[in-house]
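Engineer: Residue numbers (the numbering used here): 495 to 605.
1) Answer yes or no: do residue 563 and residue 497 have a C-beta to C-beta separation smaller than 8 Å?
2) According to DSSP, simplified to helix, strand and coil, what is residue 557?
3) Mark residue 568 as exposed unless 16 or more other C-beta atoms lie within 10 angstroms of its C-beta, in which case mark it buried.
4) Measure the alpha-carbon distance for residue 509 versus residue 548 and round it to whole angstroms.
5) So, does the segment 508-522 touch the segment 583-592, judging by three or more C-beta pairs under 8 Å?
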């Protein structure tokens with residue numbers, strides 16, 4: 495899950511910040527409101543999911559200066575001498591990663 499962690503831990507965190515500060519601007523009374531923090535984190539996972547899928551759709555080689563998820567999985571497949579096409583494996587694995595991040599976002603939002 496290391497590749498997913500890199501997508502979920504990098505970046506500027508604009509969407510969660512907008513969520514949090516919008517809550518505060520609308521009169522939210524606690525800077526540590528667990529529900530708001532949960533929703534903000536859920537938004538960040540949603541965005542990470544979209545980035546993984548977007549990189550594959552756009553055939554992007556990099557994300558934030560590092561190889562995109564599908565390229566990392568492709569290289570992993572080649573390094574381990576997996577059967578079949580490394581490109582197909584990279585694409586399939588990154589779709590699954592993006593889908594997992596999306597599901598985790600939905601689960602987190604529903605809590």
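Glycine is no exception: its CB is placed at the ideal position from the N, C-alpha and C atoms. Because the structure is a prediction, the values reported are computed rather than measured.
Structural biologist: On the basis of the supplied data:
1) For residue 563 and residue 497, yes; Cβs fall inside 8 Å.
2) It is a strand residue.
3) So residue 568 ends up on the buried side.
4) The alpha-carbon atoms of residue 509 and residue 548 are separated by roughly 17 Å.
5) Touching, no, given that fewer than three Cβ pairs across the two stretches are closer than 8 Å.
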